[in-house]
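Residue numbers (the numbering used here): 14 to 162.
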């Protein structure tokens, strides 16, 4: 995105062999299961519940596909991190109440780091996150230590 100012479909695509090689080199390949396919299809094949997800997509349509499949299976208080905080077109979906109501039957949760990313380095960051909160009143009750509670 820094070179072109926008994403194009397929711009960051990689063959499965290339992905496996990178994970083996920089990660823990023994902890990974690779499922090929479009997000809209491949995520359905994974029956798991989630407490954490890291979504690395570049297109709004891909983000929506991931949210549709991950959010309903995300545990309450679970977290979703992404690396698209600076891409307002993609981040906008986290604030789109109409889309969230239609697709998931709830208000949009918002997104921490919108526009600038989380301040994790002096060079900036494209990281951001959202936390699934089923009951805002319960999750943000004042602690007994807080004066006036």
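Every residue gets a Cβ at the ideal spot worked out from N, C-alpha and C, and that includes glycine.
Judged by pairs of C-beta atoms under 8 Å, the region 91-104 does not touch the region 112-119, as fewer than three such pairs exist. Beta bridge pairing from DSSP links residue 29 with no other residue.
Taking each of 55, 35, 137 and 38 in turn and checking the Cα distance to residue 82, the smallest one comes out for 55. Per DSSP, reduced to three states, the secondary structure at residue 110 is helical. According to DSSP, residue 92 shares a beta bridge with 65 and 144.
Beta-bridge partners of residue 125 (DSSP): 142.
Excluding the 5 residues flanking it on each side, residue 88 has same chain C-beta neighbours closer than 8 Å at 62, 63, 64 and 145, in chain order.
Partner residues in a beta bridge of residue 117, as assigned by DSSP, do not exist.
Our two residues, residue 99 and residue 127, have alpha carbons roughly 7 Å apart in a direct line. Residue 87 carries a strand assignment under DSSP once its states are collapsed to helix, strand and coil.
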